[in-house]
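See structure below.
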Amino acid sequence: MSAHPAGVLAAFRYVDDAAQAIRSLKEQGYRDFTVYTPVPNHEIAAAVGHRISPVRLWTLIGGLTGVSLGLLMTMWMSLDYPILVGGKPIPSLVPYIVIMFELTILCGAGATILGVLVHILRNRRAAAYDPRFTDDHIGVFVPCATDRRDAVQQLLQTSGAEEVRVEA
Amino acid sequence: MATTMHPDAAPHAHPTYHEVTRDIAATLGNPGRSYFVLLGFVLVVLAAGALALLYQIRYGLGVAGYAPPVMWGVYITTFVFWVGIAHSGTLISAILYLFRSAWRTAVYRTAEAMTVFAVMTAGLFPLIHVGRLWYAYWLFPYPNQRGLWVNFKSPLVWDVFAVSTYFTVSTLFLIMGLIPDVAAIRDKAVGWRRKLYEITSLGWRGTDQQWRHYTKAYLYLAALATPLVLSVHSVVSWDFAMGIVPGWHATIFAPYFVAGAIYSGVAMVVTLIVPIRKAFKLERYITVVHFENLSKLLLLTGMIVGYSYLTEYFIAWYSGNPFERASFWNRAFGNYWWASWTMLLCNGVLPLLLWFRKVRRSIPALFVLSLFVNLGMWFERFVIIVVSLSHEFEPYAMGHYTPSWVDWTILAGSFGWFFMWFLLFAKNFPTVSVTEVKEIIPLPRRKGAHA
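Which chain is which? The protein sequence lines are F and R, in order.
For the first sequence, the tail end lands on 182 under our numbering, and the numbers increase by one without skipping.
For the second sequence, the tail end lands on 452 under our numbering, and the numbers increase by one without skipping.
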């Protein structure tokens, strides 16, 4: 029993080999493979070719929520419990900017974290894994049916994988 | 491949990825007897502080040394001290990240953990200071049957928002940075630690999708944390600058406090990193170059702080305001002359030694210097808060404040609290980032060196 689909798992030592393998896989129409790297890497990211992460939208919406929350909260609360000093106007924007700023940061950061969690969970794929991938190897897992297995194995091997194994 | 661990063997050769994982994973686990002796000592100090606090809770704030007009004393001084300590962590982890400064990778985790624990320490002090700490929730705006809301025009309320935001965001930032590291350690660990890391790595495997969102989020968090860190100590400084007390009411306060905060924080980073590097044998990752860069930061911020001291005195004289003049005369030559001169000596004069390259590259010298800066920065806050309050406007309302044993014990206990968290962290989580240290080493390539 395994928690991931059947497929081929390759471990690469060299980053250019791995990038080459990813490009070849994409040329042949594979899309649902998973790449593991110990560190974020531009070459790999470019080869995989994702669109830019939508997390920035979360940050923006979180920040905007924070700033409006700060404005509404300070304005409403000071009007709801007015502290009259020398007949000066009750709501006073300048000191409230501090609160608005802090809430912008707080909600922006919170939403960013939430965004990462949501997007990572939503794009999670069951895939075979090897502990070397957080250490010093680059991993590529290609889920495929039994009849395509040899071709994928061949492709990964010729790209320069250090080890290729079939994961049932 | 060279497998040598000796620091002098090849100072410029990059360690391999595998060596990074191995060496940093080796810092975790069983740290030996001296660690437990130290932890025990720290816990005893913390317990003393906790007992003093219980005593104060039982008998009231009268047991602290407050004497009108000085109603802000050691607790507020210590609060500002610890908030200040926190700042360099975010400077190193966020601001230097945005500046793409590669040397930060070896020291940022320690600095960031220090930030979180320092804010955790600082946050206790306003509560200890207000006495009835079980009413701490009054600080936040919440619906209540009196129909009462907090006063958003008060800098003390800004402070509540600034410090709690800072604590939340710096904790998120620390955890965020830890996830890939914990995953790397998880894949090496055995036993109950493996369970711990499996849970705390949140299923991280370093897939393309994970990195895609993670790297962007990290960037945005850094971009949010950067203005935050500048705002927090500005807000803390406005606790004072918004008051009309001579010695407080100055526009220079925000930049002066931010520079001072980063200064004291960098000193604390040096204080922490010197023993960690030794104990965990990390000489290969934390090198003299890192210490030299830290000391340049110390020199820069120390010069800004020294300049601010001179500006304060100059403006006190130049303003022609007799109260301002009297306040600063009292600082230098009044009852508390010893505190002011300790501050000037430790923060203004001693760091000038850092102009010498020999001092910047000598780790023992830096360690000793960092202790003096820590001391000096505590006295800076003491001078600003206590000495200014003791000498306001009317001679009949002037007074003298002497901290009581309760003040001193709780101050000591705060160090116990801070170091307890730090020691527990250092034993169980990597104090040097596995992933970020790897990031500055190019991944191996088959077809020639690309980097």
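The beta carbon of each residue, even a glycine, is placed where N, CA and C say it ideally should be.
Query: Would you mind listing the alpha helix (DSSP H) stretches within the region 96-174 of chain F that are 4+ residues and don't spill past its ends, in chain order?; Result: 107-136, 163-173
Query: Just the C-alpha distance for residue 19 (chain R) and residue 389 (chain R), rounded to the nearest angstrom, thanks.; Result: 56 Å
Query: Where does residue 371 (chain R) land, buried or exposed, given buried means 16+ other C-beta within 10 angstroms?; Result: buried
Query: Closer than 8 Å is the cut-off here; do at least three beta carbon pairs connect the region 134-146 of chain R with the region 219-227 of chain R?; Result: no
Query: Quick one: is residue 163 (chain R) near chain F, going by C-beta distance under 8 Å?; Result: yes
Query: Keeping to the same chain, check which residues put their C-beta closer than 8 Å to that of residue 68 (chain R); ignore five residues upstream and five downstream.; Result: 400, 401, 402, 403
Query: State buried or exposed for residue 99 (chain F), treating a residue as buried only when at least 16 other CB atoms are found within 10 Å of its CB.; Result: exposed
Query: Which chain R residues sit within Cβ distance under 9 Å of residue 127 (chain F)?; Result: 173, 176, 177, 218, 222
Query: Using a Cβ cut-off of 7 Å, pull out every chain F residue sitting near residue 104 (chain R), in sequence order please.; Result: The contacting residues do not exist; residue 104 (chain R) stays about 17 Å from chain F at best.
Query: From the DSSP output, which residues share a beta bridge with residue 71 (chain R)?; Result: R:68
Query: Taking 6 Å as the limit between beta carbons, can you name the residues of its chain near residue 18 (chain F), skipping five residues before and five after?; Result: 140, 141, 142
Query: Locate the alpha helix (DSSP H) running through residue 169 (chain R), then write down its first and last residues.; Result: 156-187
Query: Count the other C-beta atoms from every protein chain shown that fall within 10 angstroms of the C-beta of residue 34 (chain F), then say buried if there are 16 or more, exposed otherwise.; Result: buried
Query: Could you have a look at residue 48 (chain F) and say whether DSSP puts it in helix, strand or coil?; Result: strand
Query: In the DSSP assignment, what residue or residues form a beta bridge with residue 25 (chain F)?; Result: F:153, F:177
Query: How long is the line joining the alpha carbons of residue 423 (chain R) and residue 180 (chain F), rounded to whole angstroms?; Result: 45 Å
Query: If contacts are defined as beta-carbon pairs under 8 Å, then residue 74 (chain R) and residue 65 (chain R) qualify, I think. What distance do you get, rounded to the angstrom?; Result: 7 Å
Query: If we count Cβ pairs, one from each stretch, closer than 8 Å, do we get three or more for the region 107-120 of chain F versus the region 82-95 of chain F?; Result: yes
Query: Between the alpha carbons of residue 15 (chain R) and residue 439 (chain R), how many angstroms are there, rounded?; Result: 10 Å
Query: Bridge partners of residue 208 (chain R), per DSSP?; Result: F:50
Query: Please compile the residues from chain F whose C-beta is within a distance smaller than 7 Å of the C-beta of residue 152 (chain R).; Result: 97
Query: Are the region 44-63 of chain R and the region 406-420 of chain R in contact at 8 Å, needing three or more beta carbon pairs?; Result: yes
Query: Does the beta carbon of residue 19 (chain F) sit closer than 8 Å to a beta carbon anywhere in chain R?; Result: no
Query: Could one say the Cβ of residue 46 (chain F) lies closer than 8 Å to chain R's Cβ atoms, at least one of them?; Result: no
Query: Whole-angstrom Cβ separation of residue 21 (chain F) and residue 178 (chain F), contact assumed at under 8 Å?; Result: About 11 Å separates the two Cβ atoms, so there is no contact after all.
Query: Chain R partners of residue 183 (chain F), CB-CB under 9 Å?; Result: Residue 183 (chain F) is absent from the structure shown; chain F starts at 15 and stops at 182.
Query: Does DSSP put residue 203 (chain R) in a helix, in a strand, or in coil?; Result: coil
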